[in-house]
Each structure stands twice: as structure tokens, then as C-alpha cells.
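Protein chains in written order, with our numbering: chain A, 108 to 421; chain G, 69 to 393. For each residue, glycine too, the CB sits at the ideal point set by N, CA and C. To start, the structure itself, in C-alpha cells.
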């Protein structure tokens, strides 16, 4: 469905270059959910936006359904955008407060010239509103009249309006309460089954990512640390960063034994990333080679890949 | 031994549409040296309860409608403001959720921490600043001397939260109120901060009131748990009991809606569904008659729709439900 190859996104300012995404490659199969996790500032949202060409990547390739879309013009991109949609993190900032829900959803249809006739367009909007579980009268209301969870449903309806095949979910539930999170996650799963959607699910909540994803990619400072099927990755993490990340997740069970791998320090700056393996400054298993050579993403077994010197020799 | 107790506290806010009772008859105790978790969804009144212990509710529009907050034998709600000021930031202090908005952007962090120390300990600025640097060291900030001269925007989110902790602990409080102290942080940093708080708790013997909606954090850090819903305490017990034998359907629903244990289940690529609590939190301006949770509850019966259940104790376990699990 989607392939990205050695994608780089560098932001240039007067004095610095921020290497937000620094050579990431992976593919997403049709109908699956790829979870993308990592700490804030690791480049996961930037990557999501590059895929939609909301940012112009510095180098690398983005292929969607066997077509290279990296350098398509805005005009040529438009029909493809119909198939690539995004759900944003902040349900408060991503809806125009001066538009009714009907107009917000209808705008997408208008831009792509779908359901041109007024009556059919209204029907389509109503259908979308009920698909995401909102009341029919919502169509003439404004965003401020809705709660966070309901707004996120509106964001989902807007993304679904143009019948996309691929949706980037950029932290869709992190702004919501626990019980509402579960409602939205279930809705996303139901829609995926019904409409045969493919998701790139970006989040920092590892429990939710594990729940919803088929495969998971772990990012650290602009690079992939590890990628693999979610069950295997959680049960047997290979990369030291994945191990530390998983062990830091608090478990809602007071009797559960804790064995935490402590990471000291914070994520280094992407302006001036460490040499070699970017994780070597915080890694508990650091070796001399780590600060010199950047480990490539190498296959480990059938469908797992890891970028770490611990596994590259054997 | 009890350090602080909240007794039948009610807090109202005047709004354009009428008076809202954000906290309604809430009681709990914070034992000395222990951590109490206050859990609930947005708008359930947990932050208002916390702010009221610090007497930081703006009045008006807020109004203490009843109840008492006892701290070491005195009722904080009746304390004159100058007396309260002596306690605030000194014996009782607070860590706020947003480290960016609760630090002053135009002062260096050393200056901000020293301010509290100088005020409460009658020190001159120089020794206040020295102590501030020592606090920064204590919370694990590398090269604290240089950092003390930094402004908040020069620090990362995790660092800023450490600064907030350093500030809150500067006068060695014996009651620390932490309002979602790690919500804005990454898990690895969250683990560092929680560990730091618990370590300092052991060293200083302080009590902590931890407000959070992250049940994982509660399980790992709290001794007692108070669950709030729509301004009411709905369940209260020690942490083991809450997680192993929850009684109130809301608590049960809350626990079930968290994606399962990392070790088992999940990862099915979207087959399994999470359990949810249907519907939304009721509007505090228009509460239903009877139990406040009835509309979202699978166990609701006729009595639930008529008279609100009392908070009933079974041993040390309290819950507000006619049809408990």
C-alpha cells in the first residue's frame, strides 16, 4: 500500500539544521495498522506529515500504490490526497470554530467534487455523522458545543468523508479521558474492518499502540530503532531502547513485579545528534563501536528488523 | 497518623447558567508519609479538590459551600490569608500539571526557586540561591549551577517538571499535592520523575496527594485510592483492593477500558475490542435524580434512578452503589 524509502526531513534555520527524520524506510501493507512510537521530538509526527506531503521531504521516496508521489505537483497530488487522510491530535485546535459540523465535513467533499448535488451531499454528511456515532442534529452545531471525544469523532468523520484508503492517525486519543479513549479506539477499529482502511497509528501510549497495531515501528531521534509484529516486539523487544521504553510503562496492577530499565538523561537534540548510534549516550549496553558507526536496520528472523550493533555481528 | 483530612468538602462555582457544585461532600484522609491517589475523568472535581487544600480557588466565582480541611489540627478554610500564606509553598506545596505555564518566563529558574526559600526561611538572596542550586541537584538536573541561570524556555519539558518539583520541595513540605505531574511527559521521563518523587518522599517523610487519570501510575505509586465521579467520591480503598476487587461499576469500567497488561493479550492487529463506558459525564448543572452514574451504568436498577446511594463502608473499603460487583 505504502512504501517509504530512506526518507529524510531536515528543517533548515539560519544557524542549525534540525534532522527531524533522518533516513527512515518501511512499508505498510493494505488493511494493516502500523503503530509508530517514540518519545516526543523523535520525529514521528513529522514522518506522518511527510507521508501526506504536508511537508516536502528533503530526500527519499514515498510510494503509494506503486506510484512515486514524492515529487508530484500540488495539482497532481490532489486526486491522491483523497486516498490519504489524517486525524489530528488536538480535537480543539483542528476544527474551525466558525464552521458548523456539516460545513466542516462538507468542505472536504466540495474540494474533491464528490456528491455534488446538494441533496446527496447532505445525505452523505448525515451518513458520516451517524457512522461516527454522533446525533443527526449535530450537523448544524458548532465545534464548541461538543466534548473532546465528540470532536475527535467529527475529525474522524471529516477524514472519512472522501472515502480514503489510508489514514494517518496522529495521536488521536492522547488528549482524551481513559473511558473516551476506549470509545474512539474501538470506533477506529470498527471503521477499519468495515471500510478496509489502512492506518499509520502514531502515539506515545504504548498500551494503546499495542492494542490496535498489527506491526510496530519504534523511532528514536529521527531513525527507526526497531520494527516488527506487535506481539513479538512487546514480548521480546530486541533494541535496548525498545526494552527501556516498554519497561517504563506503568502497569495498572499493584502486585505486578517491576523490573525497570532506567534510562538516564533525556533525548538528545536533533540539531546535533550523537555520532554513530544515536542512542549510545543513554544505552545501558553501549560498546566502543556504537559511538563510531551507525548501525544499519538489519533483518532479524522473518519479519523483524532492528538497528543495533548487538545484533549486527551475529 | 493523619496529616491532612478533607471532611465533607463542597465547592460551588457561580456560572452564567447557574450554580455548579463541582465538589459535593468529599471526604478523605491523607496519612503521614503515604501517597493517596485521586482518580477520575476531566471535570470530576479532582483538581478543584486539590486547589482547595491550597486555598487557591478563586472566590468569586468559587465558593466554599461547606465542609472542612484539617491540617495539623487547624481548619485551613477558616485560616486568615496571612497565616495561609505561611503554609502555602512551605508546609504544603503543589506541583502543577503544565510546567510551561506555571513557571514565570521572565525570571531565571534559580531566581524562582530562591524566591520561595527566601520568603519562608528568612534567608538572604545569596543563600536562597545556593539552596535553590542544591535543590536542582537533588532532582537530578545536570550542572545545576549553570541551569539555575537559565530561563524556563531553555529547558525541556522533563527538565521544567523537575524544576517544579525542586521548587515544591525547596522548603521540605510535609504535604505535597501533585496535580497530574507527569501527564505531559514521555514514559521514560515519567518513570524518572515518579521515582524521584517517591525517593524524596522516603527521605523527607512527606505525604503526597497524587491527582492523575493514569491508572498505571496509581498502581505503582499510591497506597490509598479515591475515585471521583461528577463531584462525588464513588469509591475509596487501598490500592490492592481497588485494582483486585473494585466494587463500583465506574471503577470497574475505568479499569477495563485501559488496554490490557503488556505481557498478555492485545497485538491482535485490531480484532479485540476494548471495554468502554458508554456515554458521557453528566452535566453538573443538570444532574440526574438518584445515582450520578446511572446513565452509563449497566447495573442500574429502579432505586438507582430515585435516591442517590450513600458512600457505604465495608471494612475500610467505601463505595457508593446499590448493585456493587
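In the structure shown, residue 162 of chain A adopts coil according to DSSP, grouped into three states. With its beta carbon at least 7 Å from every one in chain A, residue 233 of chain G lies outside the interface. Among the residues of chain A, those whose CB is under 7 Å from the CB of residue 345 of chain G are 286, following chain order. The continuous beta strand (DSSP E) containing residue 112 of chain A extends over residues 109–119. Residue environment: residue 383 of chain A is assigned as buried (16 or more neighbouring CB atoms within 10 Å of its CB, all protein chains considered). Taking 7 Å as the threshold, the shortest C-beta distance from residue 277 of chain A to chain G does not fall below it. The closest CA to that of residue 222 of chain A, considering only A/269, A/186 and A/201, is found on A/269. If you check the CB distance, residue 289 of chain A and residue 344 of chain G come in under 7 Å. Beta-bridge pairing by DSSP links residue 325 of chain A to A/144 and A/333. A residue is called buried when at least 16 other Cβ atoms come within 10 angstroms of its Cβ; residue 320 of chain G meets this threshold and is buried. With a beta-carbon spacing of about 7 Å, residue 107 of chain G and residue 283 of chain G fall inside the 8 Å limit used to define contacts. Contact between residue 239 of chain G and residue 141 of chain G is ruled out by a C-beta separation of about 20 Å, above the 8 Å threshold. DSSP, read as helix, strand or coil, puts residue 416 of chain A in helix.
Every alpha helix (DSSP H) stretch that sits fully inside the segment 104–152 of chain G and reaches 4 residues is listed by chain position as 114–121.
For residue 130 of chain A, the secondary structure class from DSSP, reduced to helix, strand or coil, is strand. Under DSSP, residue 405 of chain A takes part in a beta bridge, and its partners are A/413.
A straight-line Cα-Cα distance of about 9 Å links residue 393 of chain A and residue 416 of chain A. Note on geometry: alpha-carbon atoms of residue 374 of chain A and residue 127 of chain A lie some 13 Å from one another. Burial of residue 153 of chain A is indicated by the presence of at least 16 other C-beta atoms within 10 angstroms of its C-beta. Secondary structure at residue 214 of chain G: helix, using DSSP grouped into helix, strand and coil. A buried status is given to residue 271 of chain A, since no fewer than 16 other beta-carbon atoms sit within 10 Å of its beta-carbon.
Residue contact check for residue 283 of chain G against chain A: a CB pair falls below 7 Å. With respect to the 7 Å criterion, residue 233 of chain G and residue 216 of chain G are not classified as neighbours on the basis of their beta carbons.
Put simply, the CB of residue 224 of chain G is near chain A, with a gap under 7 Å to one of its CB atoms. Excluding its 5 nearest sequence neighbours in each direction, residue 237 of chain A has no C-beta neighbour in its own chain below 6 Å. Taking 8 Å as the upper bound for CB-CB distance, residue 381 of chain A and residue 371 of chain A are not in contact here, some 14 Å apart. Residue 324 of chain A and residue 197 of chain A have their alpha carbons spaced roughly 23 Å apart. Burial of residue 360 of chain G is indicated by the presence of at least 16 other C-beta atoms within 10 angstroms of its C-beta. Interface with chain A (7 Å Cβ-Cβ cutoff): residue 254 of chain G is included. Each residue's CA atom was taken as its position, placing residue 218 of chain G and residue 166 of chain G some 18 Å apart. Within the same chain, and ignoring the five residues on either side of residue 247 of chain G in sequence, the residues whose Cβ sits closer than 6 Å to its Cβ are 115, 118, 164, 165 and 279.
When DSSP reads this structure, residue 80 of chain G sits in a beta bridge with G/89 and G/131. In the displayed model, residue 297 of chain G falls within a strand according to three-state DSSP. Scanning the segment 260–286 of chain A for uninterrupted alpha helix (DSSP H) segments of 4 residues or longer gives nothing; none is fully contained.
Residue contact check for residue 245 of chain A against chain G: no CB pair falls below 7 Å. Taking a 10 Å sphere around the C-beta of residue 155 of chain A, we find 16 or more other C-beta atoms and assign the residue as buried.
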